[in-house]
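Note that the protein sequences, when read in sequence, are chains A and B.
For my numbering, add 77 to where a residue sits in the first sequence, where the first one is 1.
For my numbering, add 77 to where a residue sits in the second sequence, where the first one is 1.
There are 2 protein chains.
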Amino acid sequence: MAQKSISHERQNAICRMIKAGEVFDVSRLAKKFNVSDMTIHRDLNKLQNQGHITRTHGGVMPAERMEFEFDFAARRSANKKAKNAIAKKALEFIKPGSKIIIDTGTTTLELAYLLKDFSDLTVITPSLAVASILQFSAGVQTVLLGGILRKGSPDLTGVVAEKVLDMFMVDLAFQGADGIGLNGELFNADMRIAKVDQKIRRRAQKTYILSDSSKIGRTDLASNGTLSEAEAFITDSNITKERMAELEKTGTKIIICKI
Amino acid sequence: MAQKSISHERQNAICRMIKAGEVFDVSRLAKKFNVSDMTIHRDLNKLQNQGHITRTHGGVMPAERMEFEFDFAARRSANKKAKNAIAKKALEFIKPGSKIIIDTGTTTLELAYLLKDFSDLTVITPSLAVASILQFSAGVQTVLLGGILRKGSPDLTGVVAEKVLDMFMVDLAFQGADGIGLNGELFNADMRIAKVDQKIRRRAQKTYILSDSSKIGRTDLASNGTLSEAEAFITDSNITKERMAELEKTGTKIIICKI
DNA sequence: ATACAAAAATAACATATTATAACATTATTG
DNA sequence: CAATAATGTTATAATATGTTATTTTTGTAT
C-alpha cells in the first residue's frame, strides 16, 4: 500500500482549505496543485465519500454538521411580555420530581424556556418546538408524543398522539388556548389539536390554562371544553374587572400576574 | 457582483439577504449576481420549495417561520457512495400508495432523501432526522413514533415507540445495522434501538436490511435478530465472494448493487 | 364589472459549463 | 521488472444558464 503518497497530502490540503472556508472551483484547485481537473474531481469525490465535504455542481463546501431543522409557520407571537409573566407564574407550581405535560402554543413555549435549567423533571409534549428547546437540558427527560407531522405545523396530533397519552398519568398539565369565551369555553384554531387538548386534561391530576388576556372573549373554530375542568386559569393583569367577574361565575380559580 | 458565482453559493447569499430583511426584485438580484433573470427565478423557486422564502408576484419575502433545530452529535458518515447506491436500489421496491417504515441509520437516511419527491406515500419513522427531511414533501405523510428523546440522539425509543408500532401494519420496512455477523446476526450499537428494530420487523410484511459491505463481519453491543427474518439484504458490490457465500447459507436473499 | 396594457412569471428550447466514465499513460513499489 | 496505484486524455452525460415566446398576474381606465 502506498504510504504517505503525494495524492494523500494533496487531499488533506484541499480538505483543510475548504474547511477553512475558502471557496474554490475545480479548475482553480487544479492549477494550484498543478494537476489535471480530473484528478481534483477524484480527490473531491474521495473526500466526499469519507464524509468530509459536500460537493455541489461547480463548487465544494465543508460537510455541514448533521443538524435537523424543523421549520414552522410562525404565528405572530404578540404580547410576549404577558406570556412570559404568565409562564413565570406557572413555573411556581412545578416541583422537582414532577411529571408534567406541556401542550402546544406560544405561551407554553415560554414555559419550556424557563424549564431548561430545571432539575429532575419529566416533560411529555406533543410539540416539537418544546422538545427542541428541552433536548439538551440535563435535568429534564423529554417524551415526545407520536403522531402525524403536519406540514408547517410543529405539533403532533391524531389517533397516535391520543393513544400515547393513554400510557401516561402526570401531575400537572399546562395548556394554552386560541380563544376563551366569557362562559369559560375553550377554543382551538385547529380541530385536531382540540382533541389532543381534551385528552391531555384527562391524563393530568391538575391542568393549568395559560393565556394572555387578549384571548378572552374570543372564539375560534373548535371548542375543546371549559375552564371549569382546569385547576386554575393564569392570565395577565390587563383583564377587565367585568370579564374577570364573568369568568369567576364559572367557578374557575383565576390567577392574575402583573406585567 | 463582478464574477459569476457558484449556484449554491448564490442561493445561500440570496436567502441570507432576504432573511436580513432586504427587499429585492428579480432584476435587481440578477444584476447583483451578474446572471439572467431566469436564473434568479429558478433560484427563488428552489428556495421557496425548501421553505425558506415566500414568493409574491414581483417580490420576495422571508418565509415567516420559526426554525427549531435538533442538533445531534454528527457521526460523519463514511461510504456515502455505497449508501446512496443501496438506497437507490431499495427505492425500486417502493410503489405509490405504499405504507412504509424507515428506521434509523445513515443508509436509511439516504433513502429518505430519495423519497422527498415521491407521491402518495405514508412513512412511519422513529427518526427525527427522517422526519425533518420529509416534513415539506407534499406527497409524503409522515408519522413520527413517540418516545423518549435521548440527548444527542435523533431517535425515539422506549416503550412508547414500541407501543405506537403496534398500532400500525405496513407493507415495507427498511432498516440498517451497525454490524452483521457472518452467520447473519444483526447488531446495533444501542440496546434500545435494537428493541425497536425487532418490533419494526414484526409490523411490516417485508423488511429490507440496508447496509454497506463494511459492516459485514462486524459485531456490536446488541443483537436484534438475524437476516433470515428479512425479505432481503441489500448491500454493495464490495462484499467478498466468501462472505456472500457464508451469508447465503442462512437462506437470505442478497441483493448486490454496483457502486 | 370588463377590457386592456404593463409587468412578471413560466415554459420550451438552445447553449455553455461542469461532472463522469472509459481507457491510455505515467509513476511508484516491492 | 511486473503489479499496482495515480494521473492524464478524450468522449459522453448531466447540470446550469441564457434566450425567446407564451401565459399569468396586476393595475388602470372604461
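The beta-carbon is built from N, C-alpha and C at its ideal position, and this holds for glycine as well.
Small disclaimer: the values here were computed from a predicted structure and weren't measured.
- The C-beta distance from A/S288 to A/A254 rounds to 5 Å, short enough to fall under 8 Å.
- Non-local C-beta neighbours of B/A309 in its own chain, meaning closer than 6 Å and more than five positions away in sequence, comprise Y285, K330 and I332, ordered along the chain.
- Closest option to A/P203, judged by alpha-carbon separation, among A/V137, A/I225 and A/S314: A/I225.
- Annotation note: the segment 97-141 of chain B contains the following uninterrupted beta strand (DSSP E) runs of length 3 or greater, listed N- to C-terminal: 130-133 and 136-139.
- Contact annotation: in the segment 188-213 of chain B, residues whose CB is within less than 7 Å of a CB in chain A are L205, A206, A208, S209, Q212 and F213.
- For a Cβ distance threshold of 9 Å, nothing in chain A lies close to B/T184: the least Cβ distance comes to about 13 Å.
- Under the Cβ distance rule, A/I179 does not count among the residues neighbouring chain B, no pair being separated by less than 8 Å.
- By the CB criterion at 8 Å, B/A281 and B/V247 fall inside the cutoff.
- For B/K292 and B/I257, the gap between their C-alpha atoms comes out near 6 Å.
- Between A/L124 and A/I91, the CB-CB gap stays under 8 Å.
- Taking CB atoms only, A/I225 has a neighbour in chain B less than 8 Å away.
- The three-state reading of DSSP puts A/A309 in strand, counting E and B together.
- Boundaries around B/Q252 are those of the beta strand (DSSP E), V247 to Q252, since no alpha helix (DSSP H) includes it.
- In the three-state scheme derived from DSSP, where H, G and I count as helix and E and B as strand, A/I277 is classed as helix.
- Counting C-beta atoms within 10 angstroms of its own C-beta, A/V207 has 16 or more neighbours from the protein chains shown and is therefore classed as buried.
- The beta carbon of B/I117 is closer than 6 Å to those of V103, L106 and A107 in its chain, skipping five residues each way along the sequence.
- For A/S209, the enclosing alpha helix (DSSP H) starts and ends at L205 to L211.
- Taking the Cα of A/L263 as reference, the smallest distance to any Cα among A/M321, A/S305 and A/Q212 is reached at A/S305.
- Here A/S196 carries a coil assignment [DSSP, helix/strand/coil].
- If you draw a straight line from the Cα of B/G261 to the Cα of B/G294, it comes to about 9 Å.
- Closest in alpha carbon position to B/I83, among A/F145, A/K96, A/V137 and A/Q88, is A/V137.
- Under the Cβ distance rule, B/M244 counts among the residues neighbouring chain A, one pair being separated by less than 8 Å.
- Around the CB of B/E99, fewer than 16 other CB atoms lie within 10 Å, so the residue is classed as exposed.
- With the criterion set as a beta carbon lying under 8 Å from some beta carbon of chain A, the segment 96-108 of chain B has no members that meet it.
- Taking C-beta atoms as the reference points, B/D243 and B/I270 fail to come closer than 8 Å.
- Identification of chain B residues near A/G174 by a Cβ-Cβ cut-off of 9 Å yields none; the smallest Cβ-Cβ distance measures about 17 Å.
- At a cut-off of 8 Å between C-beta atoms, B/L121 does not count as an interface residue with respect to chain A.
- If you draw a 10 Å sphere on the C-beta of B/S230, you find 16 or more other C-beta atoms in it, and that means buried.
- Cβ contact annotation for B/T185 (same chain, cutoff 8 Å, sequence separation greater than five): A164, I179, S204, V207, F251, Q252, G253 and L287, in chain order.
- Contacts with chain A at 8 Å (Cβ-Cβ) do not include B/P139.
- Within chain B, the residues S84 have their CB atoms less than 7 Å from the CB of A/H134, given in chain order.
- Taking a Cβ-Cβ cut-off of 7 Å, the neighbours of B/S154 in chain A comprise G128, given in sequence order.
- Taking a C-beta distance under 8 Å as the contact criterion, B/V241 and A/V241 qualify as a contact pair.
- With respect to the 8 Å criterion, A/I336 and A/A215 are not classified as neighbours on the basis of their beta carbons.
- With fewer than 16 neighbouring CB atoms inside 10 Å of its own CB, B/N111 falls in the exposed class.
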